[in-house]
Amino acid sequence: MVDTAIPPATTGVATVEIAPRRRPGVLHFFLQHRLAALGSVVLLVLGLVALFASVVAPYDPDAISLDILAPPRAAHLLGTDDVGRDMLSRLVYAARISLTVGVVSSIITVILGVALGSLAGYYGGWIDTVISSFINIMLSIPVFPLALVLGSFLETNLRFIVLIIGFLSWMGVARIIRAEYLSLKEREFVQAARVTGVPTPGIVIRHILPNTLGPIIVAATLQVANGILLESALSYLGYGIQPPTPSWGNMLQNAQRYLRTAPAVAVYPGALISLTVISINFVGDGLRDALDPRLRE
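Position one of the sequence shown corresponds to residue 545 (my numbering), numbered consecutively onward.
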């Protein structure tokens, strides 16, 4: 007898693997900060204008004419200054000077601050005591008056202004990095690196330093604004970039004599200084929020 029983039907249920949802990255959180995104656009435009100043500027920034303190018109979109130089051209070239001072002085600040802060935080002991004491001494000296004194004795060209600002502004970065190293050097991954025989320079640079990039980036961004403000103030008082080389600060100094008759020559550089510094501060706030996991929640 043949068994004609029908085997029970098997109802297979298809299993669908759901890929884990990717966590939003730093860029996503940064762009959520609308003011930071707007500040980035402003800085990008200013950076491109400064980089391609020779293309953007309609005139030679030092070319003079008899058309002095002219109002805005087709030939001179932002008017002219007291010796007939085109204001738009000078503002464009001044942006190159001011942004260069801010960026390069920020790089110097970060290099010095990271070097001294990492040494103090990682080694501790007498090294920490000496470096921390030096930092406190430097912090007790007012930066701007000291920069004025140095500017009065040294040659006030672009290179020396950058060096003065950079060498007088690293202390805040050093304190931040020192605190980060004091915390991170006790973590498990650092202890594991020591056990496996990684040399001290490798631990300091390859293992701990990458974990401090967030605070470093934020501090470097804000230092750009500080450098621009310091350069503008020094140039305004006559101890920074010297005419005829244009900078926003010395343009303000030259314009103060014409505040009643031609206020626009002072408004333009003042507005650009304010716009640039505010945009950098917005970007710094956005980077701080995006890079700090505690502030994302």
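Ideal placement from N, C-alpha and C gives every residue a C-beta, glycine not left out. All figures in this text were calculated on a predicted structure; none of them were measured in a lab.
Output the distance between the C-alpha atoms of residue i and residue j, rounded to the nearest integer angstrom.
| i | j | result |
| --- | --- | --- |
| Leu702 | Pro787 | 12 Å |
| Val717 | Glu775 | 19 Å |
| Leu630 | Gly758 | Contrary to the premise, residue 630 reads as Asp rather than Leu in this sequence. Approximately 42 Å between the Cα atoms of the pair. |
| Val811 | Gly669 | 52 Å |
| Val809 | Leu575 | 35 Å |
| Ala614 | Gly628 | 8 Å |
| Ala723 | Ala619 | 56 Å |
| Arg804 | Gly661 | 49 Å |
| Leu579 | Leu831 | 11 Å |
| Leu816 | Ala769 | 12 Å |
| Pro743 | Ile679 | 27 Å |
| Asp606 | Gln767 | 30 Å |
| Pro790 | Tyr780 | 11 Å |
| Tyr783 | Ser609 | 27 Å |
| Ile612 | Leu694 | 35 Å |
| Leu773 | Arg617 | 30 Å |
For residue i, name the three-state secondary structure that DSSP assigns.
| i | result |
| --- | --- |
| Thr700 | coil |
| Thr740 | coil |
| Thr624 | strand |
| Ala563 | With a pLDDT of only 49 at Ala563, under the threshold of 50, the placement of this residue in the model should not be trusted; the figure read from the coordinates follows. Correct three-state label for Ala563: coil. |
| Asp604 | coil |
| Thr756 | helix |
| Phe596 | coil |
| Leu774 | helix |
| Pro616 | coil |
| Ser609 | coil |
| Tyr780 | helix |
| Met545 | Since pLDDT at Met545 reaches only 46, below the 50 mark, its modelled position is unreliable, and no value is offered. |
| Pro686 | coil |
Would you kindly report the start and end of the unbroken alpha helix (DSSP H) that includes residue i?
| i | result |
| --- | --- |
| Tyr667 | 631–667 |
| Asn825 | 808–835 |
| Trp792 | 792–799 |
| Gly716 | 715–728 |
| Gln576 | 570–576 |
So residue i and residue j are in contact, right, with Cβ under 8 Å, and what is the actual spacing, rounded?
| i | j | result |
| --- | --- | --- |
| Val636 | Ala597 | 5 Å |
| Leu692 | Leu712 | At roughly 11 Å, the Cβ-Cβ gap does not stay under 8 Å, so Leu692 and Leu712 are not in contact. |
| Leu643 | Ala594 | 5 Å |
Contact criterion: CB-CB distance below 7 Å. Does residue i meet it with respect to chain B?
| i | result |
| --- | --- |
| Arg634 | Absence of chain B from the displayed structure is noted, only one protein chain being present. |
Exercise. Pair every Cβ in the stretch 779–794 with every Cβ in the stretch 748–757, then say whether three or more of these pairs are closer than 8 Å.
Key: Touching, no, given that fewer than three Cβ pairs across the two stretches are closer than 8 Å.
Practice problem: Say whether the stretch 822–830 touches the stretch 670–677, bearing in mind that this needs 3 or more beta-carbon pairs closer than 8 Å, one atom from each stretch. | Solution: No, the stretch 822–830 is not in contact with the stretch 670–677.
Quiz item: Counting pairs of beta carbons, one from the stretch 758–770 and one from the stretch 639–650, are three or more of them closer than 8 Å?
Solution: As far as the Cβ criterion goes, the stretch 758–770 touches the stretch 639–650, which means the pair count is three or higher.
Quiz prompt | Three-pair Cβ contact test at 8 Å for the stretch 724–740 versus the stretch 683–699 | solution = Because the criterion of three Cβ pairs below 8 Å is not met, the stretch 724–740 and the stretch 683–699 do not touch.
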